[in-house]
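K.L.:
So that we are looking at the same thing, I have put the structure below in structure tokens.
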Amino acid sequence: MVKLDPNAWWQRSDLCYQDNQLFFAGRTVKQLAERYGSPSFVYSARRVEANLTRVRQALDAAGLAGRSSIFYAMKANRFAPLLQFIRQTGLCGIDACSPNEVKHAVSCGFSPSDISFTATSLSKRDFAELARYDGLFMDCDSLYSIRSWGELKPNTDIGIRINPAVGIGRACNDKLQYTGCKTTKFGIFREQFDEALALAAQYGLRVTKIHFHTGCGYLTTELNQLDHVIDECMRFVDAAPDVNRVNMGGGLGVPHLADDPALDLDQWSAILNRHFAHRDLHVEVEPGDYICKDAGLLILGKTFVELKRDTLFVGVDAGFNIAPEPAYYGLPFQPVTLSVDDQPLAKTTVVGNINEALDVWYENALLPDLTEHEYLVLINAGAYSSSMASNHCMRGEFSEFLLL
Ligand SMILES: Cc1ncc(COP(=O)(O)O)c(C=O)c1O
């Protein structure tokens, strides 16, 4: 008989069972569920700060203290109290990818000069709106965007988002690869780079940054690819005489499954050291996932427990539309009970309340009989969940809370 492991893989000091009750950010999750109801996202401010601090320390350990910056990718989670909190830590700027994100970041206390802007397929209207923010730094990802920005802001500095045709992302998940396996829309390829530099020069644009975001969710197992990715990107740096900074994008991942090896930041830092310690470059990173994902829980109310054929289903009162990563990207969010007891476990499939076949939160999770449970929580719901939510089936309502 399998019993719930009180030392389950996802536990850490601020998310764990104590006296058989699930604790998160210093509170029992039962208390949070009773106070906030379902569906609710709860975010731990301290965990976000700890994640940012870890990345800062890794950059310092790479020998990049004083010549490196973090830009939090707000597409991961733009909840205003969270952005305001992040602003107050003073640990990072913002990576934004739409005019409305810039507006929102500014309303949360960031100044345009704290914002690095990297986007794709911007309209002329978008460019005009962005040009009004003095100090905003633009990374152009196509010849079209160099032309459009050059017309509005000639004789300024820009970055070029490149596509090195190699990438790094969570193992075996090609949906998370932005560059590499196939030709994607992201960035300028090597064969068009000279044309891009010449075009920039026509508008008096000085290319001072090379930007490469090549994939998402990488863990320790994928780190060997990072060496290769950076090597390829340095070929662009070497071909652009005014470049004084690189932006490595985001992509740092967190474990989703028991067998996932947590990202070893010492190894990550050693790779950065090898590539950048001897170069006169400022190094930027713009993580989203790594900063917020494991700082968030999604509290869900249980609706039903029923065996259908050979599958035991547990229903909850919210679906994939408010946290689409499991359905879109096949990234499972581990379901966790609010308490542990001695009950045997059974393979259980957790499903939501949306009339779509892909509305499955988790298949075959080992869970106790949930008949008497009122709530269930999903971990790793702090990034790319609420920020990607839709109102599909008119079930787009949820609450969000920042726990200080
Ligand atoms: C340009 C850019 N930078 C940063 C990020 C953040 O990536 P992650 O959340 O994987 O760290 C993304 C995500 O897609 C991106 O497109």
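Just so you know, we're using this note's numbering here: the sequence shown kicks off at 11 and counts up by one.
Ideal placement from N, C-alpha and C gives every residue a C-beta, glycine not left out.
Using the Cβ count rule (16 or more neighbours within 10 Å means buried), how would you classify Y154?
P.N.:
Within the sequence shown, residue 154 is the residue found at index 144, counting from 1. It is exposed - the Cβ of Y154 has fewer than 16 other Cβ atoms within 10 Å.
K.L.:
Name the residue from S133, Q353, P378 and L42 whose alpha carbon lies nearest to the alpha carbon of V360.
P.N.:
Reading the sequence shown from its first residue, position 350 is the one you call residue 360. Comparing alpha-carbon positions, the option among S133, Q353, P378 and L42 lying closest to V360 turns out to be P378.
K.L.:
What do you get for H238, buried or exposed, if any count of 16 or more other CB atoms within 10 angstroms of its CB means buried?
P.N.:
The residue given as residue 238 occupies position 228 in the sequence shown. Flag for H238 reads exposed.
K.L.:
Does R405 pass the burial test, meaning 16 or more other C-beta atoms within 10 Å, or should it be called exposed?
P.N.:
As a working note, residue 405 is residue 395 in the sequence shown. Under this definition R405 is a buried residue.
K.L.:
Determine the burial state of K219: buried for a count of at least 16 other Cβ atoms within 10 Å of its Cβ, exposed for fewer.
P.N.:
As a position in the sequence shown, residue 219 is number 209, starting the count at 1. Flag for K219 reads buried.
K.L.:
Taking K312 as part of the beta strand (DSSP E), name the residues at either end of that continuous run.
P.N.:
One-based indexing of the sequence shown puts residue 312 at position 302. Run containing K312: G306 to K318, per the beta strand (DSSP E) assignment.
K.L.:
Just list the residues that DSSP pairs I170 with in beta bridges.
P.N.:
Taking the sequence shown and counting its residues from 1, one reaches residue 170 at position 160. According to DSSP, which records beta bridges pairwise, I170 is partnered with C150 and I220.
K.L.:
Among the residues of its own chain, which have a CB less than 6 Å from the CB of G325, if the five just before and after it don't count?
P.N.:
Against the sequence shown, residue 325 aligns to sequence position 315. Correct list, in chain order: T313, F314 and V361.
K.L.:
Can you give me the start and stop residues for the beta strand (DSSP E) that A106 sits inside?
P.N.:
Position 96 of the sequence shown, counting from 1, holds the residue named residue 106. Per DSSP, A106 belongs to the beta strand (DSSP E) from G103 to A106.
K.L.:
Determine the burial state of E294: buried for a count of at least 16 other Cβ atoms within 10 Å of its Cβ, exposed for fewer.
P.N.:
As a working note, residue 294 is residue 284 in the sequence shown. So E294 ends up on the buried side.
K.L.:
Give me whichever residues DSSP pairs with C26 in a beta bridge.
P.N.:
Here residue 26 is taken as the residue at index 16 of the sequence shown, counted from 1. The partner list for C26 (beta bridge, DSSP) reads F33.
K.L.:
Which of helix, strand or coil does DSSP assign to R45?
P.N.:
Position 35 of the sequence shown holds residue 45. Helix.
K.L.:
So does Y300 have its beta carbon nearer than 7 Å to some heavy atom of ligand 1?
P.N.:
Within the sequence shown, residue 300 is the residue found at index 290, counting from 1. Within the cutoff, so yes.
K.L.:
The alpha helix (DSSP H) that contains N283, what's its start and end?
P.N.:
Counted from its first residue, the sequence shown places residue 283 at position 273. L275 to F286 is the extent of the alpha helix (DSSP H) around N283.
K.L.:
Beta carbon of H223, beta carbon of G259: below 8 Å?
P.N.:
Along the sequence shown, one-based indexing puts residue 223 at 213. Along the sequence shown, one-based indexing puts residue 259 at 249. A contact, by the Cβ cut-off of 8 Å.
K.L.:
Say the cut is 7 Å; is the CB of E232 nearer than that to a heavy atom of ligand 1?
P.N.:
Position 222 of the sequence shown, counted from the first residue, corresponds to residue 232. Flag unset: Cβ of E232 not near ligand 1.
K.L.:
Can you list, in chain order, the residues of its chain with a C-beta nearer than 6 Å to that of A71? Leave out the 5 residues immediately preceding and following it.
P.N.:
For the purposes of this step, residue 71 is identified with residue 61 of the sequence shown, where counting begins at 1. So the list reads S279, once near-sequence residues are dropped.
K.L.:
At a cut-off of 7 Å, would you count A86 as near ligand 1, judging by its Cβ distance to the nearest heavy atom?
P.N.:
Reading the sequence shown from its first residue, position 76 is the one you call residue 86. Result yes, Cβ under 7 Å from ligand 1.
K.L.:
So, does the CB of Q187 fall closer than 8 Å to a CB anywhere in chain D?
P.N.:
This model lacks chain D altogether, as it is built from one protein chain only.
K.L.:
What's the gap between the Cα of A356 and the Cα of T321?
P.N.:
Locating residue 356 in the sequence shown gives position 346, counting from the first residue. Locating residue 321 in the sequence shown gives position 311, counting from the first residue. If you take the alpha carbons of A356 and T321, they lie about 10 Å apart.
K.L.:
To which residues does DSSP link G362 through a beta bridge?
P.N.:
Residue 362 sits at position 352 when you count from the first residue of the sequence shown. In the DSSP output, where bridge partners are listed per residue, G362 has none listed.
K.L.:
Looking only at its chain, what residues have a beta carbon closer than 7 Å to the beta carbon of R66, apart from the 5 residues adjacent to it on each side?
P.N.:
Translated into the one-based positions of the sequence shown, residue 66 becomes position 56. Result list for R66: I80 and L101, in chain order.
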